[in-house]
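Sequential numbering of the sequence shown, starting at 196, is according to this note's numbering. Beta carbons: idealized from backbone N, C-alpha and C, even for Gly. Report on the structure given below.
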Amino acid sequence: MTIPFPQPVCRLIDRIDQAGYQVYGVGGAIRDLLLGREPKDWDLCTNAFPQQVKAVFGEDAVRLTGARHGTVTVLWEGRSYEVTTYRQDGPYSDGRHPDQVRFVASIQEDLARRDFTINAMACRPGEPVVDPFGGQKDLEAGLVRAVGDPVRRFQEDGLRMVRALRFAAAYGFQVEEATGRAAEELSFRLEGVSAQRIGKEWEGFLPAPGAGKQMGAFPRLMSQILPMVLLPEEDPARVWKELGERIDRLPAEALVRLGFLFCRKELPPSQRMERAAGGAAALALDGENRRFLLELAEGSTSPLPASQAGWLRWRAQMGEGQLEWVLAIRREGSGTPEERAAIQAAAEACRKALAACPCRDRRDLAVDGRCLAALGVSPGREMGALLERLLEEVWAGRLPNRREALEEAAARFLAERR
Ligand code: ATP
Ligand code: MG
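Written as structure tokens, this is what we have:
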């Protein structure tokens, strides 16, 4: 089968060809096209060295992003492409980058360093796929299989174990048996891998359609990545299987699914925030995502609002999207059918409350500081308290959000106070 290369990639390949070097499209793009999917980006590999690639495209079009490892970024027809010299990797002793790379002469040798057979294929326009490890067969069978001996490959770089789950989850594949066994047995090898690298793969893994199934199938790996999800006496195999079943029913968003893991009812509420903070560190979440995760953990432990105004206060605090996530987390976290029914009823009350009152915060009130100042309200604390009180009245349905009604009520509240 020949692969439909996009025209800009054909022209890019042509240019390198004309300079007298070998060049192939490689890795994810070839895999995705064979699966009938649109590739996210294109990687090319070549026997040219970084400086030679630079000479082909000129100073301005090339960034020597990872030239030490053989990778340059080429800006071509408005997009950027990673072009990497054929290489083999040395050990990853800092868990981040190979210590040294060795440039090699042939595409076959380059493909041998790649993680999985489905990622170890290369191709040129109009030519058959270079597939020395049976990647096409594994794509058809839906298998993620290590290139070579899985034990050795995971010892070289522990991150590959997480990548195996990410690809299996994304494509609805299975991790091939020997590869899967090696991943469970060597899960402790993740210890030396940087939180950034794990976090990045995890972010791709968790929202994927098959995440729950892989979670259940790889409990040791899961416990290695996020040990703080479990209590010491719990059986990881049972817990991760149950969590996996529930996670698939949550929205396909990494953060909401991650938040759910820290809101299990077995975890004492007083520990959830701290455990979520540990999870944020284990995955090197940035400040914003960390804050958001902690808010989800918090929102999932506080008592549910009992009134319309209570729901509207939650909406004002966390926004509508996050409020829905908190409810989804609580629904999937609930145990008994009664608990589920209660959360279902709460979600219905929430929906009604939000629909009944479009007024989200003070800025949506039909009066503002200027109208109230005209009634003699002094700016600052008095003004703030009065606006807050009017908002609560509107939320509770005791006042309509209309200017005259709010002004009249404001005058009344002021008179009461003075
Ligand atoms: P995606 O479409 O999700 O980006 P991808 O296959 O392009 O998938 P990348 O992480 O972008 O994945 O890596 C590009 C290619 O580099 C892979 O297809 C694989 O051949 C190789 N590769 C990446 N990481 C590793 C690794 N840790 N060990 C071995 N090979 C790797
Ligand atoms: Mg990629």
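The alpha-carbon of ASP443 is positioned some 42 Å away from that of ARG297. Checking the 7 Å criterion, the Cβ of ALA359 is out of range of every heavy atom belonging to the ligand ATP. Note that the C-beta distance between GLU396 and ARG361 is below 8 Å.
A residue is called buried once 16 or more other Cβ atoms fall within 10 Å of its Cβ, and SER382 is buried on that count. For a cut-off of 8 Å, the C-beta gap from ALA363 to VAL370 is around 5 Å, short enough to register as a contact. Ranked by Cα distance from MET578, the options ALA561, ALA591 and LEU609 are led by LEU609.
Cβ contact annotation for CYS545 (same chain, cutoff 6 Å, sequence separation greater than five): TRP506, in chain order. When Cβ pairs closer than 8 Å are counted between the two stretches, the segment 241-252 is seen to touch the segment 213-222, the count reaching three or more.
Distances between the C-beta of GLY330 and the heavy atoms of the ligand MG are all 7 Å or more. Close to the ligand MG, as judged by a C-beta nearer than 7 Å to any of its heavy atoms, are the residues GLY222, GLY223, LYS235, ASP236 and ASP238, in chain order.
The C-beta of LYS547 has fewer than 16 other C-beta atoms within 10 Å across all chains shown, which makes the residue exposed. In the DSSP assignment, the residues bridged to GLY261 are THR266.
Sequence-distant partners of ARG258 (beyond 5 residues in either direction) whose C-beta falls short of 7 Å from its own C-beta, in its chain, are VAL267 and THR268. In this structure the segment 303-313 lies against the segment 327-334, because at least three pairs of beta carbons, one per stretch, are closer than 8 Å. Burial state of ARG355 is buried, judged by a 10 Å Cβ sphere holding 16 or more other Cβ atoms. At least one heavy atom of the ligand ATP lies less than 7 Å from the C-beta of ARG309. When PRO446, MET423, LEU478 and GLU543 are compared, the shortest CA-CA separation from PHE457 is found for MET423.
Looking at the backbone, the Cα of PHE487 and that of GLN517 are separated by about 9 Å. Under the three-state reduction of DSSP output, ALA432 falls in the helix class. A straight line joining the alpha-carbon of ARG510 with that of LEU421 spans about 30 Å. Going by DSSP, TYR216 is part of no beta strand (DSSP E) at all; its letter is neither H nor E. Using a C-beta cut-off of 8 Å, the segment 579-587 makes contact with the segment 559-571, since at least three inter-stretch Cβ pairs fall below that distance. Taking a cut-off of 8 Å for Cβ pairs, the segment 489-496 and the segment 523-540 touch, as three or more such pairs fall below it.
Within the segment 432-511, the complete alpha helix (DSSP H) runs of at least 4 residues fall at 449-456, 464-477 and 482-494. Runs of the alpha helix (DSSP H) lying entirely within the segment 338-385 and spanning at least 4 residues, in chain order: 345-351, 354-366 and 372-380. When the alpha-carbon of GLY367 is set against those of GLY592, PHE400, ASP344 and ALA377, the nearest one is in PHE400.
Bridge partners of ARG274 according to DSSP: TRP271. GLU351 is the residue among GLU533, ALA250, LYS332 and GLU351 whose C-alpha sits nearest the C-alpha of PRO286.
With 16 or more other CB atoms across the displayed protein chains lying within 10 angstroms of its CB, GLN409 is buried.
ASP284: member of the beta strand (DSSP E) spanning 282-284, first to last residue. For the options TRP237, ASP238 and ALA262, the alpha carbon positioned closest to that of LYS249 is the one of ALA262. One alpha carbon belongs to TYR281, the other to GLN295, and they sit about 14 Å apart.
Contact between ALA315 and VAL342 is confirmed by a C-beta separation of about 5 Å, below the 8 Å threshold. The Cβ neighbour count for THR279, taken over all protein chains shown within 10 Å, is at least 16; the residue is labelled buried. In the displayed model, ASP227 falls within a helix according to three-state DSSP. Residue pairing by DSSP places PHE311 opposite ALA341 in a beta bridge.
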